[in-house]
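The numbers in the numbering used here rise by one with no breaks, and the one at position 86 of the sequence shown is 97.
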Amino acid sequence: MASSLAGLPDFLIFFVLAVALVGLYLAIYTLATMHNEFALIRENVISAATALGFSLVGFALPLASAIVHAQTIVDCLVWGLVALAVQIVVYWLVRIVMPNLSQRIAAGEMAAALFLGASSLSAGIINAAAMTF
12 MASSLAGLPD
22 FLIFFVLAVA
32 LVGLYLAIYT
42 LATMHNEFAL
52 IRENVISAAT
62 ALGFSLVGFA
72 LPLASAIVHA
82 QTIVDCLVWG
92 LVALAVQIVV
102 YWLVRIVMPN
112 LSQRIAAGEM
122 AAALFLGASS
132 LSAGIINAAA
142 MTF
């Protein structure tokens, strides 16, 4: 039984770090976008929830990869911040293709939300795969 719990401290450290990084991600990502995701979600704007939800999964995948491959907590933190930066860059790249992206999401347009969400998820998958340090 004791050997089963030997990894518990490491689990707790990485889990708490991951939860903190998710909170940081949501704070920074929602500041970086031109629309207020949480206000829109409170108003039941499904496109905002869709775009933010896929973006969050696109962040969580490389964060999970960072946890799996990290040798230290600092490794995990650094690669978690890289994953965060990638998602912000994806949002800005999608805005180049679709300059009225935020207005369309705020207006409830699912096509814009799904394109942003798919872009975020795709970048997250590629990012996670690249994190095999």
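Every residue gets a Cβ at the ideal spot worked out from N, C-alpha and C, and that includes glycine.
Nothing here was measured: the structure is a model prediction, and the numbers come from that model.
Determine the contact status of residue i and residue j, defining contact as a CB-CB distance below 9 Å.
{"i": "A62", "j": "S131", "result": "yes"}
{"i": "L112", "j": "W90", "result": "no"}
{"i": "L67", "j": "Y102", "result": "no"}
{"i": "L149", "j": "Y40", "result": "This structure does not reach residue 149, given that the chain is present from 12 up to 144, and the question cannot be answered."}
{"i": "A60", "j": "F25", "result": "no"}
{"i": "A71", "j": "V33", "result": "yes"}
{"i": "G119", "j": "V56", "result": "yes"}
Is residue i buried or exposed, if buried means 16 or more other CB atoms sit within 10 Å of its CB?
{"i": "V108", "result": "exposed"}
{"i": "Q98", "result": "buried"}
{"i": "N138", "result": "buried"}
{"i": "L104", "result": "exposed"}
{"i": "E54", "result": "exposed"}
{"i": "F65", "result": "buried"}
{"i": "G18", "result": "exposed"}
{"i": "L127", "result": "buried"}
{"i": "T44", "result": "buried"}
Please look up how many angstroms separate the CB atoms of residue i and residue j, rounded, as I've assumed it's under 8 Å.
{"i": "D123", "j": "S58", "result": "The residue asked about is misnamed: residue 123 is Ala in this sequence, not Asp. The pair is a contact, with the Cβ atoms about 7 Å apart (cut-off 8 Å)."}
{"i": "H46", "j": "A117", "result": "5 Å"}
{"i": "L51", "j": "C87", "result": "With 8 Å as the limit, L51 and C87 do not qualify as a contact, their Cβ atoms being about 31 Å apart."}
{"i": "M121", "j": "A77", "result": "In fact, because the Cβ distance is near 31 Å, the residues do not count as touching under 8 Å."}
Residue i lies in the alpha helix (DSSP H); which residues open and close that run?
{"i": "N138", "result": "M121 to A141"}
{"i": "A118", "result": "It is not in any alpha helix (DSSP H) - A118 carries neither H nor E in the DSSP assignment."}
Considering only residues of the stretch 30-98, which uninterrupted alpha helix (DSSP H) runs meet the minimum length of 4 residues and lie entirely inside it, listed in chain order? Listed in chain order, the complete alpha helix (DSSP H) runs (minimum 4 residues) inside the stretch 30-98 are 48-53 and 57-80.
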